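First the structure, in the form of structure tokens, and then the observations on it.
Residue numbers (the numbering used here): 53 to 150.
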């Protein structure tokens, strides 16, 4: 049971850190003039947002009382998170090659 408590206390910290990274990369992408850097920062923002959404979904699906609304919200967050993560990784590899 202590491992579950460690995970439960670690998840909000992960959400907060990925939120900070996401906002930071968003500002950097909007401020830069270079298209390659703009693409890399946008890709990193998508990766951070994807991880954040997946962690939010895990929190909603596994650590609260079960309800249909939580299942729907968690499923939507997982799908959006996986899409952002996939798109971010794909775009990062594309802009990294240029």
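We put the beta carbon where it would ideally sit given N, CA and C, even for glycine.
Bear in mind that the values here come from a model prediction, so they are computed numbers and not experimental data.
Just to confirm the assignment, what range does the alpha helix (DSSP H) spanning residue 150 have? In the DSSP annotation of this structure, residue 150 is not part of any alpha helix (DSSP H), being labelled neither H nor E.
Under a Cβ-count criterion, where at least 16 other Cβ atoms within 10 Å of its own Cβ denotes burial, should residue 61 be classed as buried or exposed? Taking a 10 Å sphere around the C-beta of residue 61, we find fewer than 16 other C-beta atoms and assign the residue as exposed.
My understanding is that residue 136 touches residue 91, with C-beta atoms under 8 Å, so please give their C-beta distance in whole angstroms. In this structure, residue 136 and residue 91 do not form a Cβ contact; the two beta carbons are roughly 15 Å apart against a cut-off of 8 Å.
Helix, strand or coil: how does DSSP classify residue 119 here? Secondary structure of residue 119 (DSSP, three-state): coil.
Within the 9 Å Cβ cut-off, does residue 131 reach chain C? The structure shown contains no chain C; it holds only a single protein chain.
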